[in-house]
Amino acid sequence: MDKTKTLAAFAALSQASRLDAFRLLVKAGTKGMAAGEISDALGVKQNTMSANLSVLFQAGLVRNAREGRSIRYFVDMDGLRAMLTFLMEDCCGGEPDLCRPVLDAIACDC
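Counted the way the working numbering counts, the sequence shown spans residues 81 to 190.
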């Protein structure tokens, strides 16, 4: 990911409902969530949530799959990984042990 794409990702996450939706999808993991489920869980109107999910999609942070008349959304782990890699690519001036606490904090315990 380059600076422009990273800025787009941060811009997408800079709105409360989009950040909440993104975090909800991270929590949902590989099963993802239907757009209506996200809307209901966050108490946001469906058309507003649809627009928010579109912004996250355009920023490369979520992906989607059609299921009949519904669309299921998932965190795009490749997009998230690319953003985090860009942020940390020059981490710690060549001393990887200094980065270990950050990496341990973001790794899941699954």
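We put the beta carbon where it would ideally sit given N, CA and C, even for glycine. On a predicted model such as this, the values are computed, not experimentally measured, just so you know.
Straight-line Cα distance separating residue j from residue i
i, j, result
"Ala-96", "Cys-188", "23 angstroms"
"Gln-126", "Gly-116", "6 angstroms"
"Thr-128", "Cys-179", "38 angstroms"
"Gly-112", "Ile-118", "10 angstroms"
"Val-182", "Cys-171", "10 angstroms"
"Glu-175", "Glu-147", "46 angstroms"
Pair within 8 angstroms by beta-carbon distance, residue i and residue j
i, j, result
"Asp-156", "Val-142", "yes"
"Leu-86", "Met-163", "According to the sequence displayed, residue 86 carries Thr and not Leu. Contact: yes."
"Leu-122", "Asp-100", "yes"
"Ser-150", "Ala-114", "yes"
"Leu-93", "Phe-154", "no"
Chain-order list of residues whose beta-carbon lies under 7 angstroms from that of residue i (same chain, five-residue window excluded)
i, result
"Val-124", "Ser-97"
Cβ neighbours of residue i in the same chain (closer than 8 angstroms, five flanking residues each side left out)
i, result
"Ala-88", "Gln-138, Ala-139 and Gly-140"
"Asp-82", "Phe-166"
Worksheet item: Going along the chain, which unbroken runs of the alpha helix (DSSP H) with 4 or more residues stay wholly within the segment 97 to 166?
Response: The segment 97 to 166 contains these whole alpha helix (DSSP H) runs: 115 to 122 and 126 to 138.
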